[in-house]
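Trainee: Residue numbers (the working numbering): 2 to 157.
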Amino acid sequence: MQSTEVLAATLTILFVNNCVTGKHLRNGRNATKLLSMAGVPKFALTQKTKGANFLGYTNGSRCMSVELLGGTYEYSAILDYFLDKRWFTDLLTATTNRSELNFTSVDADNGTQFVPTTPVYRLADTDYSTCFVLISRQRRRKECFLWLKTDTTEQQ
2 MQSTEVLAAT
12 LTILFVNNCV
22 TGKHLRNGRN
32 ATKLLSMAGV
42 PKFALTQKTK
52 GANFLGYTNG
62 SRCMSVELLG
72 GTYEYSAILD
82 YFLDKRWFTD
92 LLTATTNRSE
102 LNFTSVDADN
112 GTQFVPTTPV
122 YRLADTDYST
132 CFVLISRQRR
142 RKECFLWLKT
152 DTTEQQ
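#1: With DSSP collapsed to three states, give me the class of Gly71.
#2: Using DSSP's beta-bridge definition, name the partner residues of Met65.
#3: Residues in the same chain with beta-carbon distance under 8 Å from Leu36, minus the five sequence neighbours each way, listed in chain order, please.
#4: Asp85 and Asp110 look like a contact to me (Cβ under 8 Å); what is the Cβ gap, rounded to whole Å?
#5: Check for me: the beta strand (DSSP E) holding Lys51 runs from which residue to which?
#6: To the nearest angstrom, report how far apart Tyr82 and Lys34 are at their CA atoms.
#7: Go to Thr33, then tell me how far its alpha helix (DSSP H) extends in each direction, as first and last residue.
#8: How would you call Arg39, buried or exposed, if buried means at least 16 neighbouring beta carbons within 10 angstroms?
#9: Should Lys24 be labelled buried (16 or more other beta-carbon atoms within 10 Å of its own) or exposed?
#10: Leaving out the 5 sequence neighbours to the left and right, which residues in its chain are closer than 8 Å to Glu155 when beta-carbon positions are compared?
#11: What's the gap between the Cα of Ser137 and the Cα of Met65?
#12: For Glu144, which residues of its own chain have a beta-carbon under 6 Å away from its beta-carbon, when the five flanking residues on both sides are left out?
#13: Of all the beta strand (DSSP E) runs that stay within the bounds of the segment 76-129, which reach a length of 3 or more residues?
So, in structure tokens, the structure goes:
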């Protein structure tokens, strides 16, 4: 097993622990550090709780990735997703407060701006360079999302 596979397996266990028990093994994750990483890291959504919708995007999306663009006070990210046999690209903006990410708006392919239905997520766990877990702040039902870094060298 490669080290990335071991790390992914470990974070999957943490993902399940966070979502099922509601306990968080490590606190103090820095959302600002995640969003301001050097370069333009790209992460793919690899696991989520059943029925969960990241930012309110439809559950029918078969593939979702995010590229973190960095910034200053307000951060930007590019969200790509596959739905109904088509790729879509949206521009996200976000602010941070310690371990919280607050997505303030989305600029969709058609130029429409809107506020996400679930705008606030907590950074539950990360090693910053290969993966991270976000948990929604909704009181009714927690939704967990595991994002793994992708190797984009072949696409360039």
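Ideal Cβ placement from N, Cα and C applies to all residues, glycine included.
Mentor: This is what the structure gives:
#1: Mapped onto the sequence shown, residue 71 falls at position 70. Gly71 falls in the strand class under three-state DSSP.
#2: One-based indexing of the sequence shown puts residue 65 at position 64. Met65 pairs with Tyr82.
#3: Position 35 of the sequence shown holds residue 36. The answer, listed in chain order, is Leu69, Gly71, Gly72, Tyr76, Ala78, Ala95, Thr97 and Leu102.
#4: One-based indexing of the sequence shown puts residue 85 at position 84. One-based indexing of the sequence shown puts residue 110 at position 109. That pair is no contact at about 13 Å.
#5: Along the sequence shown, read from residue 1 onward, the residue named residue 51 stands at position 50. Here Lys51 belongs to no beta strand (DSSP E), and DSSP marks it neither H nor E.
#6: On the sequence shown, position 81 is the one that residue 82 refers to. On the sequence shown, position 33 is the one that residue 34 refers to. If you take the alpha carbons of Tyr82 and Lys34, they lie about 24 Å apart.
#7: Working through the sequence shown from its first residue, we reach residue 33 at position 32. Element bounds for Thr33: Ala32 to Leu36.
#8: Residue mapping note: residue 39 aligns to position 38 of the sequence shown, counting from 1. It is Ala, not Arg, that sits at residue 39 in the sequence shown. Counting other Cβ atoms within 10 Å of its Cβ, Ala39 stays below 16 and is therefore classed as exposed.
#9: Walking along the sequence shown from the start, residue 24 turns up at place 23. Note that Lys24 scores a pLDDT of 48, beneath 50, so its modelled location is shaky; the value from the coordinates is reported in the next line. The residue in question, Lys24, is exposed, as its Cβ has fewer than 16 Cβ neighbours within 10 Å.
#10: For the purposes of this step, residue 155 is identified with residue 154 of the sequence shown, where counting begins at 1. Confidence at Glu155 is low in this model, with a pLDDT of 45, below 50, so the placement of that residue is unreliable and no value is reported for it.
#11: Reading the sequence shown from its first residue, position 136 is the one you call residue 137. Reading the sequence shown from its first residue, position 64 is the one you call residue 65. Roughly 17 Å between the two C-alpha positions.
#12: Taking the first residue of the sequence shown as position 1, residue 144 is located at position 143. Cβ within range, chain order: Thr50, Ala53 and Ser137.
#13: 76-84, 87-98, 101-108 and 121-127
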